[in-house]
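Peer 1: First, the structure itself, so that you have it in front of you.
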Amino acid sequence: MVKYLAKRIFYLVLTLFIVTTITFFLMKLMPGTPLTNQAKLSPTEQQLILQQYGLDKPVWQQYLSYLANAVHGNFGTSFQFSDQPVSYLISSRIGPSLLLGFQAMVIGVLLGIVLGAFGAIRKNTWVDTTTTIISILGISIPSFVLAILLQYFFGLKLRAFPIAGWSGFMYTILPTIALAAMPLAESARFVRTEMVDVLNSDYIELARAKGLGKLGIIYHHALRNSLIPLITIIGPLAVNIMTGSLVVENIFAIPGIGEQFVNSITTNDYPTIMGLTIVYCFMLCVVLLITDIVYGLVDPRIRITGKRD
Amino acid sequence: MKLSSVVKLSTVGLSSALLLAACGNSSQESKSKTIQWQESANLPTLDVSKATDHVSAETLSNSNEGLLISAKDSKVAPGVAESYKVSKDGKTYTFNLRHSKWSNGKPVTAKDFVYGWQRSVAPKTASQYSYLFDHVKNATEISKNKAPVSSLGVKADGDYKLVVTLSKPQSYFKYLVTMTPFFPQSESAVKKFGSAYGTNSSNMIYNGPFKVTGWTGTNDSWTLTRNKEYWNNKATKIDGVKFNVQKTPSTALNEYQAGKLDAIKLVGAQQVGQYKNSKEFYNAKQASTFYLELNQQKDPAFRNVNIRKALSLAINRQQFTKNTLGDGSLPAVGYVSPGLASRNGKDFTKDAYVKSGVDYNMAEAKKLWAKGLKEVGKKGLNISLLADDTAAGKNTTEYLQTQFEQLPGLKVTNQNLPFKSRLSRSQNGQFDIVATGWNGDFPDPITFLTLFTSDNSYNNGKWKNAEYDKFVNNAEGQDANNTDKRWNDMVQAEKTLMNDQGIIPIYHQAQPYAINTRVQGVQFYPTGSGLDFRNASVK
Numbered sequence: 002m003v004k005y006l007a008k009r010i011f012y013l014v015l016t017l018f019i020v021t022t023i024t025f026f027l028m029k030l031m032p033g034t035p036l037t038n039q040a041k042l043s044p045t046e047q048q049l050i051l052q053q054y055g056l057d058k059p060v061w062q063q064y065l066s067y068l069a070n071a072v073h074g075n076f077g078t079s080f081q082f083s084d085q086p087v088s089y090l091i092s093s094r095i096g097p098s099l100l101l102g103f104q105a106m107v108i109g110v111l112l113g114i115v116l117g118a119f120g121a122i123r124k125n126t127w128v129d130t131t132t133t134i135i136s137i138l139g140i141s142i143p144s145f146v147l148a149i150l151l152q153y154f155f156g157l158k159l160r161a162f163p164i165a166g167w168s169g170f171m172y173t174i175l176p177t178i179a180l181a182a183m184p185l186a187e188s189a190r191f192v193r194t195e196m197v198d199v200l201n202s203d204y205i206e207l208a209r210a211k212g213l214g215k216l217g218i219i220y221h222h223a224l225r226n227s228l229i230p231l232i233t234i235i236g237p238l239a240v241n242i243m244t245g246s247l248v249v250e251n252i253f254a255i256p257g258i259g260e261q262f263v264n265s266i267t268t269n270d271y272p273t274i275m276g277l278t279i280v281y282c283f284m285l286c287v288v289l290l291i292t293d294i295v296y297g298l299v300d301p302r303i304r305i306t307g308k309r310d
Numbered sequence: 067m068k069l070s071s072v073v074k075l076s077t078v079g080l081s082s083a084l085l086l087a088a089c090g091n092s093s094q095e096s097k098s099k100t101i102q103w104q105e106s107a108n109l110p111t112l113d114v115s116k117a118t119d120h121v122s123a124e125t126l127s128n129s130n131e132g133l134l135i136s137a138k139d140s141k142v143a144p145g146v147a148e149s150y151k152v153s154k155d156g157k158t159y160t161f162n163l164r165h166s167k168w169s170n171g172k173p174v175t176a177k178d179f180v181y182g183w184q185r186s187v188a189p190k191t192a193s194q195y196s197y198l199f200d201h202v203k204n205a206t207e208i209s210k211n212k213a214p215v216s217s218l219g220v221k222a223d224g225d226y227k228l229v230v231t232l233s234k235p236q237s238y239f240k241y242l243v244t245m246t247p248f249f250p251q252s253e254s255a256v257k258k259f260g261s262a263y264g265t266n267s268s269n270m271i272y273n274g275p276f277k278v279t280g281w282t283g284t285n286d287s288w289t290l291t292r293n294k295e296y297w298n299n300k301a302t303k304i305d306g307v308k309f310n311v312q313k314t315p316s317t318a319l320n321e322y323q324a325g326k327l328d329a330i331k332l333v334g335a336q337q338v339g340q341y342k343n344s345k346e347f348y349n350a351k352q353a354s355t356f357y358l359e360l361n362q363q364k365d366p367a368f369r370n371v372n373i374r375k376a377l378s379l380a381i382n383r384q385q386f387t388k389n390t391l392g393d394g395s396l397p398a399v400g401y402v403s404p405g406l407a408s409r410n411g412k413d414f415t416k417d418a419y420v421k422s423g424v425d426y427n428m429a430e431a432k433k434l435w436a437k438g439l440k441e442v443g444k445k446g447l448n449i450s451l452l453a454d455d456t457a458a459g460k461n462t463t464e465y466l467q468t469q470f471e472q473l474p475g476l477k478v479t480n481q482n483l484p485f486k487s488r489l490s491r492s493q494n495g496q497f498d499i500v501a502t503g504w505n506g507d508f509p510d511p512i513t514f515l516t517l518f519t520s521d522n523s524y525n526n527g528k529w530k531n532a533e534y535d536k537f538v539n540n541a542e543g544q545d546a547n548n549t550d551k552r553w554n555d556m557v558q559a560e561k562t563l564m565n566d567q568g569i570i571p572i573y574h575q576a577q578p579y580a581i582n583t584r585v586q587g588v589q590f591y592p593t594g595s596g597l598d599f600r601n602a603s604v605k
């Protein structure tokens, strides 16, 4: 286990290093400087400004010092916000994003399990058809379209929820639903398929033969076994939520890092783009690592150390 | 892990998340005397020396105040300076300051102006607006590190008299002192906050009608709160203005319709169309012109005046702004934007109007095109049209492509790039025709006209005209202190540019707003500060 963890953490660091390197050099290929009035500044002033951002040095030196600083959590100074360290920008805005992501994940997956289970139990009835339709809609409607519709109907027309902004729990509901749709649909589909399989298996027959109640069978035997494979899709779902949040945060004006990411791209704020890419990459790697570990813990058939019996 | 523990864990997790969220501040602010205003971008800084964008300008010009302030009809009104005197040679300005206070109760003195200006010009501050000081004595030398900051031509004579020495007369200097880099700065505040100066609303002091509160440096809303120390506080009629960043236009519109916002920027033809005939509609004029530059260095054919004129005559500006853009923009009447400057009540653009420069006449265009092609010995041209990748940029290239391709033998390829890429290509001469825009810094035509002198770094098409250079140089030099002569120089310069079709103006951008009728008296300016809440009131 320790060996496996060490290996995974090594890969995590390696991935971060590669992503940082590629992003760094891609950014260098793009035009853009912190100078906003370049043509009107004296060469001395231009030089001084570049110096403040460390851009007067050769690219390889910039790269090395960027790496050294990034290890210490220092991602440089934003071009867009003067004198504002990127690490502060990120740390002050990551809270809302994490909260939304977490809520969407939990609600999406839990409801997805319930829907999927109902669909499987009432296979080929209207219940099944309804849950299938819901999951197809959830997968095919992009989160931003859902976000705009939710905002229009529940925010503007019904006035049931705030239209946008971030000051309290009520403000999190619509964006959470918009983000939860995808994980809900995915997990519902997944659980349904798995559970239909499981319900046809011998040990369910055996349980029935033993005289266990219907609910008991579903809860203790069928559902539990259908959930194990669900863990594998948690990683990809987390990615979905992260990318979805880029647009959803913008639509609901949530002061999170997704909104900041989009903003830094449109304003060519390279240090912020870099910093956020690294943070996103890190979060993703961690989610994948955790799901792999949990998978091994939950399902004894999977041995993370790779030894065969 | 048992299923029940999964459920328990998730329940605990979920409820704690909900609880955390509920802890946020959900108290509704009293909306009665606070205006809820939409901003479409974040506030980057409160450091007056470093602000260059419109969001900072809109906030700072209401929270801080310079010697003079912008007023209606391209005029200026007294700010911290009660009065001022200009010497006969136009080189010395003496400002008499009123007794006013900073938000921390300390007096605003002439020394604060001297310090603030020196800080804006000092190269180590890295102010990107330092060029605005170029007429102030020694400013250019200081920005090149060739003279000490203390040699800047601004001196305090006692606490309440400020003497400014210019290296040459500058009739529009009065407009410059209304802009943020010319605001006073308290040396003790700058030293106290150090590198955190202006990075959040507490690390700044204010001398304007409002103080900024609630800005953490990165968040999406901040408030202009009435400043009780302001010298004219009794004239302020509102409690404050809350700026809310809404980057998605549809969200902003929803919030406006729900009454959560009092004013929003309308974006695109659909939103403008919805409000165009309403009492809530306000189309704020901007000192902004979008035009085409033809790269004479890359394509020698563009050195031919008939070819340039043919392209200009092929554009139906009325139709384009009304039907294609539909976002409140106005058809170009010349290069300098209308409503920017006037003399004896007559707008500059009326004095300098050249019909052929902005007219639409396809038949004439085809004639001149054929003539021009013959003169340069070509059968046709293949050109690319470079523009921004914004909605307006794409509309522009698509429209122009259809119009231009009606000229026989002209093939147009469109190229829409992100702003900075587009800009770097324009500056490096990597284009045939580029659609670009200019926003004037202050309400004087010279803010536009200097761009197309032969050696100006913004003259990307490299159009050269000795007459034009002469008129602009006279306006900036020998006639600088003679209002009438200077005005005529500028009129002649604009006429020369249009008669020779040095550039092809297309439209003047405007900023359409929807403003709740309960809000009155907000003043919009085409340049500089942009917004003024000094006389705003709410019903």
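In order, the protein sequences belong to chains A and B.
According to the numbering used here, the first sequence is numbered sequentially starting from 2.
According to the numbering used here, the second sequence is numbered sequentially starting from 67.
Backbone N, C-alpha and C define an ideal beta-carbon position, used for all residues, glycine too.
Between which two residues does the alpha helix (DSSP H) holding A/ILE252 run?
Peer 2: Sequence index remark: in the first sequence, residue 252 of chain A carries index 251 (1-based). Taken as a continuous stretch (DSSP letters only), the alpha helix (DSSP H) holding A/ILE252 covers 231-252.
Peer 1: Where does B/HIS201 land, buried or exposed, given buried means 16+ other C-beta within 10 angstroms?
Peer 2: For the purposes of this step, residue 201 of chain B is identified with residue 135 of the second sequence, where counting begins at 1. Result: buried.
Peer 1: At the level of alpha carbons, what is the spacing between B/ASN448 and B/ASP365?
Peer 2: Translated into the one-based positions of the second sequence, residue 448 of chain B becomes position 382. Translated into the one-based positions of the second sequence, residue 365 of chain B becomes position 299. Taking the straight line from one Cα to the other gives about 10 Å.
Peer 1: In the DSSP assignment, find the unbroken beta strand (DSSP E) run with B/TRP183 in it and report its ends.
Peer 2: Taking the first residue of the second sequence as 1, we reach residue 183 of chain B at position 117. Premise fails: B/TRP183 lies in the alpha helix (DSSP H), 176-187, not in any beta strand (DSSP E).
Peer 1: Compile a chain-ordered list of the residues in the stretch 57-87 of chain A whose CB is closer than 7 Å to at least one CB of chain B.
Peer 2: GLN81, PHE82, SER83, ASP84 and GLN85
Peer 1: Between A/GLN53 and chain B, is any beta-carbon pair separated by less than 7 Å?
Peer 2: To locate residue 53 of chain A, count along the first sequence from 1; it is residue 52. Judged by the 7 Å Cβ criterion, A/GLN53 is in contact with chain B.
Peer 1: Looking at B/PRO571 and B/TYR341, is the spacing between their C-beta atoms short of 7 Å?
Peer 2: In the second sequence, counting from the first residue as 1, residue 341 of chain B sits at position 275. In the second sequence, counting from the first residue as 1, residue 571 of chain B sits at position 505. In this structure, B/PRO571 does not lie closer than 7 Å to B/TYR341 by Cβ.
Peer 1: From the beta carbon of B/TYR357, is the nearest beta carbon of chain A less than 7 Å away?
Peer 2: Counting from 1 along the second sequence, the entry for residue 357 of chain B is found at position 291. No, its Cβ sits nowhere closer than 7 Å to a Cβ of chain A.
Peer 1: Which ranges does the beta strand (DSSP E) cover as unbroken runs of at least 3 residues, wholly within the stretch 237-290 of chain B, from first to last along the chain?
Peer 2: Listed in chain order, the complete beta strand (DSSP E) runs (minimum 3 residues) inside the stretch 237-290 of chain B are 276-279.
Peer 1: Check A/LEU51 in the structure and name its three-state DSSP category.
Peer 2: Counting from one through the first sequence, the residue named residue 51 of chain A turns up at place 50. Correct three-state label for A/LEU51: helix.
Peer 1: Please report how far the alpha carbon of A/GLY214 lies from the alpha carbon of A/ALA208, in whole angstroms.
Peer 2: Walking along the first sequence from the start, residue 214 of chain A turns up at place 213. Walking along the first sequence from the start, residue 208 of chain A turns up at place 207. In a straight line, the C-alpha of A/GLY214 is about 9 Å away from that of A/ALA208.
Peer 1: Note down, in chain order, every chain B residue with its Cβ under 7 Å from the Cβ of A/ALA165.
Peer 2: By one-based count along the first sequence, residue 165 of chain A stands at place 164. Result: GLN312, THR317 and GLU321.
Peer 1: Keeping to the same chain, check which residues put their C-beta closer than 7 Å to that of B/GLN363; ignore five residues upstream and five downstream.
Peer 2: Against the second sequence, residue 363 of chain B aligns to sequence position 297. So the qualifying residues of the chain are GLY495 and LYS528.
Peer 1: Could you tell me the alpha carbon to alpha carbon distance between B/ASN320 and A/ALA179, rounded to whole angstroms?
Peer 2: Position 254 of the second sequence, counted from the first residue, corresponds to residue 320 of chain B. Position 178 of the first sequence, counted from the first residue, corresponds to residue 179 of chain A. Near 17 Å, if we compare the C-alpha coordinates of A/ALA179 and B/ASN320.
Peer 1: Taking the alpha-carbon of B/ALA188 as reference, which of B/HIS120, B/LEU126, B/GLY171 and B/SER115 has the nearest alpha-carbon?
Peer 2: What you label residue 188 of chain B is simply residue 122 of the second sequence in a count that begins at 1. Per the C-alpha coordinates, the member of B/HIS120, B/LEU126, B/GLY171 and B/SER115 positioned closest to B/ALA188 is B/SER115.
Peer 1: Please name the residues in the stretch 373-395 of chain B whose beta-carbon is closer than 9 Å to at least one beta-carbon of chain A, in chain order.
Peer 2: none
Peer 1: Is A/GLN63 helix, strand or coil when you go by DSSP?
Peer 2: Taking the first residue of the first sequence as position 1, residue 63 of chain A is located at position 62. Three-state DSSP puts A/GLN63 in a helix.
Peer 1: What are the boundary residues of the beta strand (DSSP E) that B/TYR573 is part of?
Peer 2: Numbered from its first residue, the second sequence carries residue 573 of chain B at position 507. Here the beta strand (DSSP E) through B/TYR573 covers 570-574.
Peer 1: Specify the secondary structure class of A/LYS41 as computed by DSSP and reduced to three states.
Peer 2: Against the first sequence, residue 41 of chain A aligns to sequence position 40. Residue state, collapsed to three classes: helix.
Peer 1: On the DSSP letters alone, give me the boundaries of the alpha helix (DSSP H) that B/PRO315 sits inside.
Peer 2: For the purposes of this step, residue 315 of chain B is taken as the residue at position 249 of the second sequence. According to the DSSP assignment, B/PRO315 belongs to the alpha helix (DSSP H) that extends over 315-323.
Peer 1: Over the uninterrupted alpha helix (DSSP H) stretch that includes B/LYS437, give me the two end residues.
Peer 2: As a working note, residue 437 of chain B is residue 371 in the second sequence. From DSSP, the alpha helix (DSSP H) with B/LYS437 extends over 428-442.
Peer 1: Roughly how many angstroms separate the alpha carbons of A/VAL248 and A/GLY259, rounded to a whole number?
Peer 2: Position 247 of the first sequence, counting from 1, holds the residue named residue 248 of chain A. Position 258 of the first sequence, counting from 1, holds the residue named residue 259 of chain A. A/VAL248 and A/GLY259 have their C-alpha atoms spaced approximately 7 Å apart.
Peer 1: Taking Cβ positions, are B/LEU396 and B/ALA501 nearer each other than 7 Å?
Peer 2: Reading the second sequence from its first residue, position 330 is the one you call residue 396 of chain B. Reading the second sequence from its first residue, position 435 is the one you call residue 501 of chain B. With respect to B/ALA501, B/LEU396 sits apart: the two C-beta atoms are not nearer than 7 Å.
Peer 1: Which same chain residues end up closer than 7 Å to B/ASN427 when comparing Cβ atoms and leaving out the 5 residues on each side of it in sequence?
Peer 2: Indexing the second sequence from 1 puts residue 427 of chain B at position 361. Counting only Cβ-Cβ distances below 7 Å, and skipping sequence neighbours, we find LEU379.
Peer 1: Beta carbon of B/VAL121: closer than 6 Å to some heavy atom of the ligand GTP?
Peer 2: In the structure on display, the ligand GTP does not appear, and there are no ligands present to speak of.
Peer 1: Within the chosen definition, does the stretch 265-273 of chain B reach the stretch 567-581 of chain B through at least 3 CB pairs nearer than 8 Å?
Peer 2: no
Peer 1: Taking the beta carbon of B/ALA376 as the centre, do at least 16 other beta carbons fall within 10 Å, making it buried, or is it exposed?
Peer 2: Taking the second sequence and counting its residues from 1, the one referred to as residue 376 of chain B is at position 310. B/ALA376 comes out buried.
Peer 1: Residues bridged to A/THR268 by DSSP?
Peer 2: What you label residue 268 of chain A is simply residue 267 of the first sequence in a count that begins at 1. None, per the DSSP bridge assignment.
Peer 1: Go ahead and pull the three-state DSSP assignment for B/ASP598.
Peer 2: Indexing the second sequence from 1 puts residue 598 of chain B at position 532. Three-state DSSP puts B/ASP598 in a strand.
Peer 1: Less than 7 Å between CB atoms is the rule here; does A/ILE23 satisfy it with respect to chain B?
Peer 2: Locating residue 23 of chain A in the first sequence gives position 22, where the first residue counts as 1. Cβ-Cβ to chain B under 7 Å: no for A/ILE23.
Peer 1: Which of the three DSSP states, helix, strand or coil, is assigned to B/GLU542?
Peer 2: Translated into positions along the second sequence, residue 542 of chain B becomes position 476. Reduced to three states, the DSSP call for B/GLU542 is helix.
Peer 1: Can you confirm whether B/PRO110, when its beta carbon is compared against all beta carbons of chain A, has any partner nearer than 7 Å?
Peer 2: Mapped onto the second sequence, residue 110 of chain B falls at position 44. So, interface residue.
Peer 1: Would you say B/ASP510 and B/TYR159 are within 7 Å of each other, going by their C-beta atoms?
Peer 2: By one-based count along the second sequence, residue 510 of chain B stands at place 444. By one-based count along the second sequence, residue 159 of chain B stands at place 93. No, Cβ-Cβ distance for B/ASP510 and B/TYR159 is not below 7 Å.
Peer 1: Would DSSP call B/ASN548 helix, strand or coil?
Peer 2: By 1-based counting over the second sequence, the position of residue 548 of chain B is 482. Three-state result, B/ASN548: coil.
Peer 1: Residues in the stretch 172-190 of chain B with C-beta within 7 Å of chain A's C-beta atoms, listed in sequence order?
Peer 2: PRO189 and LYS190
Peer 1: If you follow the beta strand (DSSP E) that B/TYR357 is part of, which residue opens it and which one closes it?
Peer 2: Counting from 1 along the second sequence, the entry for residue 357 of chain B is found at position 291. That run of the beta strand (DSSP E) goes 354-360.
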